[in-house]
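Asks: Take this structure, written in structure tokens, and hold onto it; I'll ask about it next.
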């Protein structure tokens with residue numbers, strides 16, 4: 150994700166030297182250029198600094214930013230002077246600017262068989278784009294604005310659509326500077342590149358960038374600019390791979406709550422992982438004080454008035470030791486839920502059932518988390534023996550369960566009410582025809598780590614090799630283009646799984662079963678794992694319960710809001726908050 154903008158300088162095409170475009174700004178064509186230009190992007194304005202004749206007017210324009218918007222002023226001639234005019238309101242954005250010249254661009258003839266790129270066309274597309282913005286922590290737009298904007302030459306919206314299921318998995322926006330202010334230099338800029346963090350298709354971001362570049366170069370534009378945060382190493386690697394060159398251009402923004410992390414010293418809670426930080430951000434928004442006790446392990450204290458609660462991510466003092474022990478030991482969870490009349494799979498404790506034709510098993514440690522030591526879809530005695538040895542590395546006692554086929558569903562219950570539901574999918578790679586399975590997994594892991602703050606990746610271990618070989622491939626096989634390969638049987642996030650919100654499709658009986666399970670365990674915050682043949686149907690099997698579910702995995706559902714509601718009910722305002730940023 151980048152914030153993309155125009156240039157203060159340009160590179161001379163022959164020598165490569167920096168030449169100030171301001172030296173020729175008032176040349177023969179200057180009278181044609183519009184003055185004091187800003188372009189509404191739905192999430193804020195792009196303020197073209199080179200169209201302002203003096204810094205006073207430019208500073209006034211930046212300071213006129215509306216609430217909950219994020220304006221970006223770029224092509225700034227005198228950033229130091231501009232900042233001096235309002236040092237308490239303005240700041241220098243810590244981003245790098247890159248440019249691609251038309252004469253430097255080298256097209257890539259390869260075409261993905263996993264997705265195609267097209268224009269944004271309808272309200273469903275616009276809502277999908279907003280979902281991508283939310284998943285990437287970006288300010289969302291009114292869908293009507295996107296639909297109105299796509300019909301003009303000023304703003305261009307492209308989306309990437311996966312071919313198997315027609316899901317929108319990426320988006321990019323472009324701005325034509327000639328349309329914006331009759332730019333004599335015939336420039337353009339790239340904005341709002343966002344790729345679905347759950348997508349397994351390789352090359353989505355690169356394809357979107359190239360599509361936009363070729364769109365503008367075909368229209369006669371000489372270059373395309375973009376801006377990217379200085380620490381966004383994945384995006385920078387992508388842009389430099391395509392051939393963008395960094396140029397010394399600066400961007401000015403107004404100090405506001407959305408931008409706060411860019412101009413203030415890092416807070417201790419910024420060292421927390423994404424699961425803890427989601428909750429501390431919501432607490433701070435409500436005026437609840439946050440004290441980080443141990444950032445590495447996710448411990449923090451929340452205080453408001455006379456109330457103080459210590460948390461470890463979503464686990465709090467409100468969860469009793471009894472409730473925690475019931476979730477921690479999968480044998481106890483199974484026995485308790487079964488006694489409450491909830492459907493659970495057949496289970497063997499420290500006993501290996503006889504392998505049967507057409508029957509599969511799951512082996513897991515009796516105690517453990519994050520998918521460690523779990524093996525799924527075991528069909529032979531040899532596989533069972535190996536899986537039991539693997540499970541016993543995590544816990545001396547092991548469990549063998551019948552393998553129930555269906556969707557892997559996680560339901561979040563807070564204060565004994567269902568708040569969110571998501572399908573967890575096992576990691577799957579998509580072939581390119583040129584990369585081996587190992588190389589594709591490594592590419593997949595880079596995308597997943599970037600999307601989850603390093604929390605999700607597929608281990609290159611014996612279990613992954615077993616799953617690959619089960620499908621008739623080896624780790625060195627070159628996967629044919631467009632062919633999908635599931636490389637793990639478990640859908641745990643920490644072993645590379647992805648998670649997809651299905652709250653709106655959840656059958657009422659599944660929600661009821663989750664709430665009954667939470668009450669049986671007597672746990673105020675929990676994630677229940679189900680296997681279901683159909684999200685919209687009533688059939689299910691409860692697999693296990695998690696006493697410390699990752700609530701950040703369920704955005705944009707209001708998991709953080711309901712969590713803080715539970716801890717500090719007096720702070721409930723009923724306000725729906727969007728703390729997002731480009």
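Residue numbers (my numbering): 150 to 731.
The beta carbon of each residue, even a glycine, is placed where N, CA and C say it ideally should be.
Are the CB atoms of residue 315 and residue 337 within a distance shorter than 8 Å?
Replies: no
Asks: Kindly indicate which residue of 267, 719, 186 has the alpha-carbon position closest to the one of residue 455.
Replies: 719
Asks: Within the same chain, show all residues whose beta-carbon is closer than 7 Å to that of residue 567, passing over the 5 residues directly before and after it, in chain order.
Replies: 560, 660, 663, 664
Asks: Which first and last residues belong to the alpha helix (DSSP H) in which residue 530 is found?
Replies: 530-541
Asks: Mind reading off the beta-carbon distance from residue 704 to residue 283? Whole number of angstroms is fine, and I expect it under 8 Å.
Replies: 6 Å
Asks: Note the first and the last residue of the continuous beta strand (DSSP E) segment covering residue 693.
Replies: 690-695
Asks: Specify the secondary structure class of residue 290 as computed by DSSP and reduced to three states.
Replies: coil
Asks: Using only the alpha-carbon positions, how far apart do residue 460 and residue 697 sit?
Replies: 10 Å
Asks: Please determine, among 493, 533, 475, 506, the residue with the shortest C-alpha to C-alpha distance to residue 499.
Replies: 533
Asks: Taking the alpha helix (DSSP H) that residue 205 falls in, what are its first and last residues?
Replies: 204-212
Asks: Of all the beta strand (DSSP E) runs that stay within the bounds of the region 571-617, which reach a length of 3 or more residues?
Replies: 577-579
Asks: Could you spell out the range, first to last residue, of the alpha helix (DSSP H) harbouring residue 222?
Replies: It is not in any alpha helix (DSSP H) - residue 222 instead sits in the beta strand (DSSP E) that spans 221-223.
Asks: Give the range of the beta strand (DSSP E) segment to which residue 514 is assigned.
Replies: 510-514
Asks: From what residue to what residue does the alpha helix (DSSP H) around residue 638 run?
Replies: Looking at the DSSP string, residue 638 is not in any alpha helix (DSSP H), and its letter there is neither H nor E.
Asks: With DSSP as the reference, identify every bridge partner of residue 672, one or two as the case may be.
Replies: Its beta-bridge partners do not exist; DSSP assigns none.
Asks: So, under 8 Å CB-CB, residue 607 and residue 644 are touching, yes? Tell me the CB distance rounded to an integer number of Å.
Replies: Yes, they are in contact, since the Cβ atoms of residue 607 and residue 644 sit about 6 Å apart, within 8 Å.
Asks: List the DSSP bridge partners of residue 265.
Replies: 310
Asks: Is the region 377-395 close to the region 618-636, with three or more CB pairs under 8 Å?
Replies: no
Asks: Using the Cβ count rule (16 or more neighbours within 10 Å means buried), how would you classify residue 230?
Replies: exposed
Asks: From residue 450 to residue 516, what distance separates their C-alpha atoms?
Replies: 27 Å
Asks: Counting Cβ pairs closer than 8 Å, one from the region 680-692 and one from the region 476-496, do we hit at least three?
Replies: yes
Asks: Starting from residue 245, follow the beta strand (DSSP E) in both directions and report where the run begins and ends.
Replies: Its beta strand (DSSP E) spans residues 244-250.
Asks: Check the DSSP bridge columns for residue 400 and list the partner residues they point to.
Replies: 223
Asks: In its own chain, which residues sit with a C-beta less than 6 Å from the C-beta of residue 497, not counting the 5 before and 5 after it?
Replies: 549
Asks: Among 217, 578, 373, 626, which one has its Cα closest to the Cα of residue 194?
Replies: 217
Asks: Rounding to the nearest angstrom, what Cα-Cα distance links residue 408 and residue 286 in this structure?
Replies: 12 Å
Asks: Would you check whether the ligand GTP has a heavy atom nearer than 7 Å to the C-beta of residue 375?
Replies: With respect to the ligand GTP, the structure offers nothing, as it holds no ligand at all.
Asks: Beta-carbon within less than 6 Å of residue 378's beta-carbon, same chain only, minus the 5 sequence neighbours each way: which residues are those?
Replies: 244
Asks: On the premise that residue 368 lies in contact with residue 391, defined as a C-beta separation below 8 Å, what is that separation, rounded to the nearest angstrom?
Replies: Not really, about 19 Å apart at Cβ, beyond 8 Å.
Asks: So what does DSSP say about residue 131, is it helix, strand or coil?
Replies: Coverage of the chain is limited to positions 150 through 731, which leaves residue 131 absent and any answer about it impossible.
Asks: Can you tell me whether DSSP reads residue 566 as helix, strand or coil?
Replies: strand
Asks: Evaluate residue 683 with the Cβ neighbour count: other Cβ atoms within 10 Å of its Cβ, from every protein chain shown; 16 or more gives buried, anything less gives exposed.
Replies: exposed
Asks: Cα-Cα, which of 572, 711, 569, 588 is closest to residue 578?
Replies: 588
Asks: At a Cβ threshold of 8 Å, is residue 343 touching chain C?
Replies: Protein chain content of the structure displayed is limited to a single chain, and chain C is not contained in it.
Asks: At which residue ranges does the region 301-347 contain complete alpha helix (DSSP H) runs of 4 or more residues, listed in the order of the chain?
Replies: 326-330
Asks: Would residue 290 pass as a contact of residue 191 if the rule is Cβ separation under 8 Å?
Replies: Less than 8 Å separates the beta-carbon of residue 290 from that of residue 191.
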